[in-house]
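Heads up: the structure comes next, in C-alpha cells.
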Amino acid sequence: MNADRAAVDLDQLRHTAAHLLAHAVVDLFGSDVQLAIGPSIEDGFYYDFRKPAPFVPEDLPRIEQRMRELVGKDLKMSGREVSRTEAVAYYKDRNQPFKLELIDGIPADEPLSFYTIGEFTDLCRGGHVASSKEIGALKLTSLAGAYWRGDEHRPMLQRIYGTAFASQSELDEHLARVEEAERRDHRKLGKELDLFSIEESAGPGLVFWHPNGGRVRQVLEEFIRGELRKRGYEPVYTPHVVSEELFRISGHIQSFAENMFAPIDVDEQRYRLKPMNCPGHILIYKSRPRSYRDLPLRLAEFGTVYRFERSGTLHGLLRVRGITQDDAHLFCTPEQLQQEFENTADAALTVLKAFKFESYHFSVATRPDKAIGEPEVWDRATDAIKRACDNVGLAYEIEEGGGAFYGPKLDINVKDAIGRDWQLSTVQADFNLPERFELTYAGADGADHRPVMIHRALLGSLERLFGVLIEHFGGAFPAWLAPVQAVVMPITDGQFDYARRINDTLFEKGFRSEVDASNERLQKKIRTQQLRKVPYMLVVGKTEAAEGTVNVRARSGEQRTMSLESFVAELAAEVAARA
RNA sequence: GCCGACGUAGCUCAGUGGUAGAGCGGCGGUUUUGUAAACCGUUGGUCGGGGGUUCAAGUCCCUCCGUCGGCUCCA
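Residue numbering for the first sequence follows the working numbering, beginning at -6 and increasing consecutively.
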C-alpha cells in the first residue's frame, strides 16, 4: 500500500519535473522552441522539443540549473479545463504544431485541460505534485534524438532525459545503481576479462568468442546437452546456407525478408543465410514418413542464425546479427502439446536456476487479432500451456493478444542480481509451419494427421545469455563457469616445480587452472588474479611445498591451508553442484 | 536507417594549427619475494579510412566506416 502510494507520487513528481524542464527550456531558449510531449517514465522523465539550432550537451547543466531555481521558488501547479477553441487558438498563436496535433488526436467528447506552473502553461491531462518544492532532487541525464510519436517517417525531435526524486539521498541511490550497472557492463568486462570481441574489420554485430569466453560457452553447451539427453532430445546439425526456396515455403521471405541477409547467387541457384533453424529441422522431419509412434520427435541444435538487425539497434552481445540459439523443434500430436510444454518449462527452469537469478516468472501470450487457425484450436493450446504452468508450479501472467500469428507462447523471464528483467526461455506453439510444409504422421487409425510443432529455446541465444550472465555475475563467474578456476602461485622460483605438479593434477582432474610463473611478488600476482576474478588462488611457498599442502585464497579474500586432495574434492563438489 | 556525441599505442587516457605523449601491459635485466601494484631499461602509433583547406592538420572542413546514448513509455 505504502509502496504503491510512493510510486504514484514519484510518477507525479517526475511529470511535474517534465513541465519544469519545458519551462526552463522556454526561459533559456525562447518561446519559439516547439514542444512535443513530456511524460514521466520508469526511471525519470523526458520532454521532446524541436528547436532550429539543436541543443548541445553543454546546454544540459544550464537547463538543470534553471530548473533548480524554479524548484526553489515553490511554484504551485494549477490546472483548469479549457475549451477546444481556446486550446487551439492558444497553440496557433504560439506556433506549436505538435500540440495542435495532440489536440486533434483527443476525442471530441473528452475535456481538455491546461496546467500552469510558474510562467509555463502546457496542455496536460494532469497528475502532478502540488508544488515544485516536492522535487527534492533532479538531474538531467542525456540528450537524444527521438521521432515524433516514435514514427521514423515523422520529424526527428530532440529529447532531454532527466530523473527526479523526493530527496537527494534517493537520487544518490539511483545514481549509485546506474554506476553499478556501468561497472557490470558486459562490453567493458568482455574487454577487461578478454572474453569476446566484435571486430570492426569483420563487421558489426558479429561476435568473436575469445578463449576465455569459449571456455564459458563450452561449459554452457555441455550443460545443455546433458539436460537434453535426459529429456529425450536428438542432436542434429543443419547447414548455415540453404536454398532460398526453403524460406519461401516457410514464408520467411514474404514476412521476414527485411531481417534477412541479402541472397547469395551460386550456379543459377539462390541461397540465403538462415535466419531461423526451423525449416532445416522440418526437412529432417520430412525426410521419411512419420508415425504417431515416432512422436514426440525432439530435434535440437545450437543453431547459428543470421539476422539483419538495423545498425542503430546493435548492442554488444545483447543484440547481434549472428545469433546462436540453443534451439529445438518438437513435433508432437495435439494431445501431447501440454506434456511437451510442461517438460520444456521444467527444463527451462532447471537450467535457469543453475544461474541463481533472483526470481523467475512465466508469461503466457494468447491469440492476437490477426492469427491463423481456428480459435478453438488456439483455446485448447492456450489452456494446455496454462495447465503446464500450473503443473510446473510457477505463477504466470497472461499477455492478452501477445502471441505470434501462428500460435500461443510461453516466455520465461528472470530478474538478475541487480534487479533487471530479462526474457530468456521461450516456448512457442506453431500451427503454421506444419501446414506450409504439409507435415503429416500416420495415426493409430492409419490415416494421415497434422503434427503440432513447438519452437523452443531454453537460454535464448548463447551470445545474449553470455552478456546477461557477465552482467548478472559482474564478471565473477561461479567456479563451474569460470574460464580459469584456479591459479597456482609459487612464491619464489624454488616452488615452480611443486606448482607445476599441482597444476598437472588439476588439469588431469578436468579443472581449468594455470600457474602464475611471472617474476613478480606475491602481492602483485594476487592483485592480477583478483582483477581477473579468478575463484581460487593456490599460494605455494616453502612451507606448502614441504608439507604437500596448498594455501587456498578464495576470490572473497578468505584463506585456508589444506591438502591438495581436499581442495580437489571441494572444488569438484562445488562444480558438480553448480554452486 | 534517423538524431546527437565520440574514435590518439594492446588497454585507460592527455594532447585547441607548429618535432605525437603518460600510466598500465609486452619484452629484457636486477631482485627470490607470504596474500590487491618491487626497481631499472626497452618496445610500442599511417592519431578509424579517404578527400580537402593551410607554408604547416591528431587539431579546421567534407565524406565513408565503427562505437556509444536514444528513436515502445502519449496531452
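In this text, a Cβ means the ideal position worked out from N, Cα and C, and glycines have one as well. Keep in mind that this is a model prediction, so the values were computed, not measured.
Item checked: Residue interval of the beta strand (DSSP E) (run including Gly574) -> Since the first residue of the chain shown is -6 and the last is 572, residue 574 is not available in this structure.
Check: When the Cα of Gly98 is compared with those of Val81, Gln552, Arg170 and Gly468, which residue comes out closest?
Finding: Of Val81, Gln552, Arg170 and Gly468, the residue nearest in Cα terms is Val81.
Check: Whose C-beta lies closer than 6 Å to the C-beta of Ile275 among residues of the same chain, with five residues either side of it excluded?
Finding: These residues qualify, in order along the chain: Phe430.
Next item on the list: Alpha carbon to alpha carbon, how far is Gly309 from Glu192? Give it in angstroms, no decimals.
Entry: Those two C-alpha atoms are separated by around 11 Å.
Notebook entry, point to check: What number of angstroms, rounded off, separates the C-alpha of Met482 from the C-alpha of Thr498?
Noted result: Spanning the two alpha carbons is a distance of roughly 15 Å.
Checklist line | Spatial distance of Tyr40 from Ile56 (CA atoms) | finding: Distance between the alpha carbons of Tyr40 and Ile56 is about 12 Å.
Check: Near Asp36, what residues of its chain come up, given a Cβ to Cβ distance below 8 Å and the 5 sequence neighbours on each side ignored?
Finding: In the same chain as Asp36, and ignoring 5 residues on each side of it, the C-beta atoms closer than 8 Å to its own belong to Thr156 and His167, in chain order.
Item checked: Classification of Phe70 by the beta-carbon crowding that lies within 10 angstroms, buried from 16 upward -> Sequence check: residue 70 is Met here, not Phe. The residue in question, Met70, is buried, as its Cβ has 16 or more Cβ neighbours within 10 Å.
Notebook entry, point to check: Does the distance from the C-beta atom of Glu335 to that of Arg380 stay below 9 Å?
Noted result: At the C-beta level, Glu335 and Arg380 come within 9 Å of one another.
Next item on the list: Can you grab the Cα-Cα spacing for the pair Leu133 / Ile153, in whole Å?
Entry: Going by the C-alpha atoms only, they are around 7 Å apart.
Notebook entry, point to check: Measuring from the CB of Pro197, is there a heavy atom of the ligand ADP at a distance below 8 Å?
Noted result: This structure lacks the ligand ADP, and indeed carries no ligand of any kind.
Checklist line | For Glu567, the three-state DSSP class (helix, strand or coil) | finding: Per DSSP, reduced to three states, the secondary structure at Glu567 is helical.
Check: What distance in whole Å lies between the Cβ atoms of Ala422 and Asp609, which are believed to be in contact at a cut-off of 8 Å?
Finding: This structure leaves residue 609 out entirely; the chain is present only between -6 and 572.
Item checked: Reduced DSSP category for His146 - H, G, I as helix; E, B as strand; rest coil -> When DSSP states are grouped into helix, strand and coil, His146 belongs to the coil group.
Next item on the list: Express the C-alpha separation of Phe504 and Phe208 in angstroms, rounding to a whole number.
Entry: Inspection of the sequence shows that residue 208 is occupied by Arg rather than by Phe. For Arg208 and Phe504, the distance between alpha carbons rounds to 11 Å.
Margin query: Looking only at its chain, what residues have a beta carbon closer than 6 Å to the beta carbon of Leu182, apart from the 5 residues adjacent to it on each side?
Written below: Cβ neighbours of Leu182 beyond the five flanking positions: Ile463 and Gly468.
Margin query: So, does the region 9 to 16 touch the region 59 to 79, judging by three or more C-beta pairs under 8 Å?
Written below: In short, these stretches touch, since the Cβ pair count reaches three.
Item checked: Range covered by the alpha helix (DSSP H) that runs through Asp490 -> For Asp490, the uninterrupted alpha helix (DSSP H) run begins and ends at Phe489 to Glu501, by DSSP.
Check: How big is the Cα-Cα spacing for Phe42 and Ala510?
Finding: Computed Cα separation, rounded: 60 Å.
Notebook entry, point to check: So, are the CB atoms of Asn406 and Phe355 less than 9 Å apart?
Noted result: For Asn406 and Phe355, yes; Cβs fall inside 9 Å.
Next item on the list: Report yes if the C-beta distance between Gly165 and Ala137 is below 9 Å; otherwise report no.
Entry: The residue asked about is misnamed: residue 165 is Asp in this sequence, not Gly. No.
Item checked: His8 in three-state terms, based on DSSP -> Three-state result, His8: helix.
Notebook entry, point to check: Curious, which full-length beta strand (DSSP E) runs of at least 3 residues does the region 9 to 49 contain?
Noted result: Those beta strand (DSSP E) runs which fall completely within the region 9 to 49 and span 3+ residues are 37 to 43.
Note to self: Check this for me: beta carbons of Leu323 and Thr343, under 9 Å apart or not?
What the structure shows: Their beta carbons are not under 9 Å apart, which means Leu323 does not touch Thr343 by this criterion.
Item checked: Between the CA atoms of Val171 and Arg(-2) - distance to the nearest angstrom -> Note that Arg(-2) scores a pLDDT of 48, beneath 50, so its modelled location is shaky; the value from the coordinates is reported in the next line. About 24 Å.
Next item on the list: May I have the straight-line CA-CA distance separating Ser76 from Pro90, to the nearest angstrom?
Entry: C-alpha of Ser76 to C-alpha of Pro90: approximately 18 Å in a straight line.
Next item on the list: Going by CA-CA distance only, name the one from Ile30, Phe398, Gln262 and Val313 that's closest to Ala139.
Entry: Nearest C-alpha to Ala139: Ile30.
Margin query: Given a cut-off of 9 Å on the beta-carbon distance, is the pair Pro327 and Ala364 in contact?
Written below: Remark: C-beta atoms of Pro327 and Ala364 do not approach each other more closely than 9 Å.
Next item on the list: Please report how far the alpha carbon of Met(-6) lies from the alpha carbon of Ser33, in whole angstroms.
Entry: Only weak support exists for where Met(-6) lies, its pLDDT of 35 falling under 50; the coordinates are left without a value.
Next item on the list: Indicate whether the contact test is met: 3 or more Cβ pairs, each with one atom in the region 524 to 531 and one in the region 472 to 490, closer than 8 Å.
Entry: The region 524 to 531 vs the region 472 to 490: in contact.
Note to self: Can you list, in chain order, the residues of its chain with a C-beta nearer than 7 Å to that of Asp362? Leave out the 5 residues immediately preceding and following it.
What the structure shows: Here the set comprises Gly394.
Checklist line | Distance, Ala15 Cα to Val49 Cα | finding: If I take the Cα positions, the gap works out to 16 Å.
Next item on the list: With DSSP collapsed to three states, give me the class of Met117.
Entry: One point to set straight first is that residue 117 is Cys, not Met, in the sequence displayed. The three-state reading of DSSP puts Cys117 in coil, since its state is none of H, G, I, E or B.
Check: Quick one: complete alpha helix (DSSP H) runs, 4+ long, within the region 531 to 563?
Finding: Within the region 531 to 563, the complete alpha helix (DSSP H) runs of at least 4 residues are 535 to 540.
Next item on the list: Ignoring anything shorter than 3 residues or poking outside the region 441 to 486, list the beta strand (DSSP E) runs there in chain order.
Entry: If we require 3 residues or more, the beta strand (DSSP E) runs fully inside the region 441 to 486 come out as 445 to 454 and 479 to 483.
Item checked: CA-to-CA distance, Ser284 to Arg443, given in whole angstroms -> Cα to Cα, Arg443 sits roughly 11 Å from Ser284.
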